[in-house]
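Undergrad: First the structure, which I've put down as structure tokens, then a few questions once you've had a look.
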Amino acid sequence: MEGVEMARSRMQKCRDCGSYSLSTTCKKCGGIAQAAGPLKFSPQDPQAKRRREYENVTDPKWVQNLPSPKEEEE
């Protein structure tokens, strides 16, 4: 199966009507379709170092932009 892309990774879901397709354009309503599910996660992610460098996660500005939990109302 080398070189064959699995349909699951190509599955798209329409943002307007919710129908599924392999196309990025919905055949029912003509809306935009996006990836139906998240990418697979692996704790032994071979691309993690490269992705962290790309997103510049060691920069203090990046840390300051992270969302913080809302403080509990008293």
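Under my numbering, the first residue of the sequence shown is numbered -15, with each subsequent residue one higher. For each residue, glycine too, the CB sits at the ideal point set by N, CA and C.
1) So what's glutamine 48 in DSSP terms, helix, strand or just coil?
2) I'd like the span of the alpha helix (DSSP H) that includes lysine 33, first residue to last.
3) Using 8 Å as the cut-off, can you tell me whether the segment 47 to 54 makes contact with the segment 21 to 36, which would need three or more C-beta pairs spanning the two stretches below that distance?
4) For proline 53, does the three-state DSSP call read helix, strand or coil?
5) Which whole-angstrom value is the C-beta distance of methionine -5 and glycine 15, which I expect to be below 8 Å?
TA: Concretely, from the data shown:
1) helix
2) 32 to 39
3) no
4) coil
5) Contact doesn't hold; Cβ gap of about 16 Å is too wide.
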